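Okay, so here's the structure we're looking at.
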Amino acid sequence: MATASDIFLEHADVVVAGSGAAGMRAAIAAHDAGANVVLLAKGPRRANHTRMSGGRYNVVSGLNPADGNDAFFRDTIDSGVGINNHELTRILVDEALARAYDLEEYGLAWDRTEADKYYMSMTGGGTYVRTLGSIDEGIGITEVMLHQMHKRGIRICDFHMLTDVIRDGGGCVAGGLVIDLSKGVWRFFSAPTVIIATGGTSQLYETSSGPTINTGDGIAIALRAGAELVDVEFMQFIPISFVYPQGARGYTLTEPAHYGPRHFDPNAEAAQLLNVKGERFVLKHDPLRKEGSTRDVLARAIMLEILEGRGTPEGGVYMVPDPAVFDAFLRERPIYVKRLLENYGEPQARLQAPIQVMPSALYTLGGVRIDRWCRTCVPGLLAAGEAAGGVHGANRLGGSSMPDIQVFGRRAGMAAADDAKAARAPGDAGLEQARARVAELTAPMQRADGVRPTEVKRRVQKLMWDHVGLVRTANRLEESLRAFTDLRENVMPRLKVTNKSRVLNREWMESLELANLLDLAQVMAATSIERKETRGAFYRTDFPETDPDWTANLWVRRESGRVLVEKHAVAGSATPATAEAARVAAAS
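Mapping of the sequence shown onto this note's numbering: position 32 corresponds to residue 46, and the numbering continues sequentially without gaps.
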């Protein structure tokens with residue numbers, strides 16, 4: 015059992031977990047509201063999902079009088095197939111432009127055609143050209159926000175992994191338990207508010223376009239702390255990613271619209287997708303929008319071709335780009351041109367030859383359930399960005415993640431600062447709970463025999479890809495849930511870490527991440543069994559149609575060690591949902 019000397023006690027008003035743009039925007043807003051803020055980065059501060067993104071930003075800029083916030087709102091709700099939290103979606107749409115201006119003030123250079131006119135493009139599923147971009151992509155957003163963090167003197171703790179949110183006797187947040195991997199010591203950050211901005215869960219899948227740190231830590235931590243989750247059965251798969259080489263497999267190549275004139279003109283065609291027989295298979299799934307359709311439609315169409323034997327020998331399909339857009343593509347997306355050149359060759363990089371593509375896990379559509387100010391049902395616990403659910407519904411428009419994390423990151427920071435001012439400083443409340451938890455989390459390091467985390471993680475990822483991926487069915491979902499239960503009950507107690515050092519111990523960190531991944535794998539399988547329909551990114555072959563009675567959200571919470579799933583009407587929607595609250599229990 016750990017003793018008091020094993021845990022260093024620190025104090026803050028607001029603890030932000032996550033060093034991506036959502037976490038940094040929250041930290042900036044909380045600091046500017048007068049709070050003492052600490053930001054925790056699981057790895058180096060620049061290792062985040064924002065940095066890997068294309069940095070595209072949907073916004074109504076006013077350049078097109080036909081477009082407006084109502085049209086943007088409708089596109090977002092339509093893409094989410096009606097189950098978005100309408101209040102959150104409206105906030106996203108209405109505040110996106112102001113937050114784009116914030117980024118510009120921070121130093122980001124949005125692309126322009128003239129000094130006073132933004133260069134706008136289009137993503138799949140949108141009805142108007144309304145996407146901002148920057149030649150520096152997600153790297154540029156990360157760097158200008160880091161500059162603002164440093165300028166304000168906000169404390170950033172690199173290699174600090176949040177393992178638990180601790181509550182006091184009254185159920186309020188008392189702080190966060192953190193392992194400082196840079197020194198191998200435990201820290202308890204006593205704070206009345208904690209913001210979860212740790213990103214999504216793409217590492218649940220064996221083919222993923224997200225960074226290795228995307229293991230759903232914050233979402234699992236929030237669930238254990240008593241928060242509710244929403245829409246966790248929905249995972250977005252980017253339809254266009256590298257098929258080979260193995261080291262690049264799953265890495266995003268962005269949407270096919272970017273390889274055709276539809277990137278600039280909503281009435282033009284996107285790059286065509288062909289199976290190994292040369293058939294334009296997307297026409298079977300969306301004959302109107304074709305390859306300009308939403309990500310969910312394209313990813314499912316591609317995966318079905320592959321599963322039904324019409325894919326390439328390497329496991330993909332062909333995208334036929336338009337070489338006429340190469341100059342614009344090079345100007346706007348030089349990083350993608352470089353990746354194509356390195357992995358596929360010069361003809362593909364110049365858009366002169368077909369490009370093999372496949373879907374990969376990209377974005378967690380569900381997450382922690384929040385209100386308009388990012389508060390959860392746990393006093394003092396907030397969430398923002400990809401870790402929060404409800405904004406995008408059953409599918410996210412390409413280009414809507416960046417405004418999401420800016421809009422709700424700011425809101426979370428402002429709300430946390432307000433809550434911290436009103437709360438009593440927790441002091442060392444929760445420290446005893448933290449000590450007990452340390453003993454549990456270090457147990458794998460004490461074992462001489464057992465199974466290594468990497469082996470178990472691969473099993474979880476394969477189960478998720480094969481059974482809880484793009485194509486789901488009851489038998490496979492139930493099989494996966496049994497397998498996850500077996501892993502939790504019979505394998506996790508035997509988990510061992512061979513390296514006994516706590517300093518920058520990747521294997522130990524992987525064991526901590528694995529527990530979070532397994533929690534979320536079970537929840538995703540359980541909610542997928544409950545939702546008996548197909549909607550957006552969620553596809554069941556045994557329920558292939560969208561059911562109006564399922565225009566509803568599934569909320570998840572833990573009670574007495576079990577996962578409870580409840581069906582609720584869509585927040586803020588005039589569309590009625592089935593009234594009953596279906597409670598489903600699954601082994602935790």
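Glycine is no exception: its CB is placed at the ideal position from the N, C-alpha and C atoms. Remember, predicted model here, so these are calculated numbers, not experimental data.
Beta-carbon proximity of Ala529 to Val579, cut-off 8 Å: no
Those residues which DSSP pairs with Gln250 across a bridge: Tyr377
For Asn72, the residue or residues it bridges with in DSSP: Thr145
Same chain, Cβ closer than 8 Å to Val474, neighbours up to 5 away in sequence not counted: Leu218, Phe498, Leu501, Leu528, Leu531, Leu532, Ala535
Cut-off 6 Å between Cβ atoms - residues of its own chain near Gly240, not counting five sequence neighbours on either side: Val392
Per-residue DSSP class, three states only, for Glu547: coil
C-beta contact flag for Gln250 and Ala434 at 8 Å: no
Cutoff 8 Å; reference Glu559; Cβ partners in own chain excluding five residues on either side: Glu547, Thr548
Residues bridged to Asp194 (per DSSP): His174, Val199
Close Cβ partners of Arg571 (< 7 Å) along its chain, the five nearest in sequence each way excluded: Glu242, Leu578
Three-state secondary structure assigned by DSSP to Gly427: helix
8 Å CB neighbourhood of Ser196 in its chain, flanking five on each side removed: Asp172, Phe173, His174, Val517, Leu518
Terminal residues of the alpha helix (DSSP H) in which Arg473 lies: 467 to 481
C-alpha gap between Ala593 and Asp563, whole angstroms: Legend: pLDDT at Ala593 = 29, less than 50; position of this residue unreliable, value from coordinates given subsequently. Between Ala593 and Asp563, the C-alpha separation is close to 9 Å.
Asp20 in three-state terms, based on DSSP: helix
His299 (DSSP reduced to helix, strand or coil): coil
Counted within 10 angstroms of its Cβ, other Cβ atoms place Gln286 as buried (16 or more) or exposed: buried
DSSP-derived helix/strand/coil call for Trp569: strand
Through-space distance from His299 to Lys514, alpha-carbon basis: 53 Å
Spatial neighbours of Leu568 in its chain, beta-carbon cut-off 8 Å, leaving aside the 5 residues before and after: Val244, Asp245, Val246, Glu247, Thr541, Glu544, Arg545, Val579, Glu580, Lys581, His582
Integer Cβ distance of Arg39 from Gln420, believed to fall under 8 Å: 6 Å
Neighbour-count burial assignment, Gly214, 16 or more Cβ in a 10 Å radius: buried
Cβ pair Val290, Gly325 closer than 8 Å: yes
When Ser525, Arg490, Arg486, Trp479 are compared against Thr221, the one with the closest alpha-carbon: Trp479
Contacts around Ala123, its chain only, beta-carbon distance under 8 Å, and the 5 residues preceding and following it disregarded: Ser148, Ile149, Asp150, Gly154
Whole-angstrom C-beta distance between Glu319 and Phe295, which should lie under 8 Å: 5 Å
Proximity to Ile168 [Cα-Cα], best of Leu395, Val51, Gly264, Val29: Val51
Spatial distance of Val604 from Glu360 (CA atoms): Nothing can be reported for residue 604: it is not among the residues displayed for the chain, which extend from 15 to 602.
Opposing strand residues paired with Gln1 [DSSP bridges]: In the structure as shown, the chain starts at 15 and stops at 602, and residue 1 therefore has no counterpart that could be examined.
Boundaries of the beta strand (DSSP E) in which Leu102 is found, first to last residue: Leu102 -> not in any beta strand (DSSP E); alpha helix (DSSP H) instead, spanning 100 to 120.
Gly140 versus Leu297, Tyr132, Ala85, residue with shortest Cα-Cα distance: Ala85
Meets three-Cβ-pair contact criterion under 8 Å: the stretch 416 to 431 and the stretch 392 to 408: yes
Simplified DSSP state of Ala315, which is helix, strand or coil: helix
Cβ contact check for the stretch 431 to 446 and the stretch 264 to 281: 3 or more pairs under 8 Å: no
Neighbour flag for Asp46 against chain D, beta carbons, 8 Å: The structure shown contains no chain D; it holds only a single protein chain.
DSSP three-state assignment for Gln162, whether helix, strand or coil: helix
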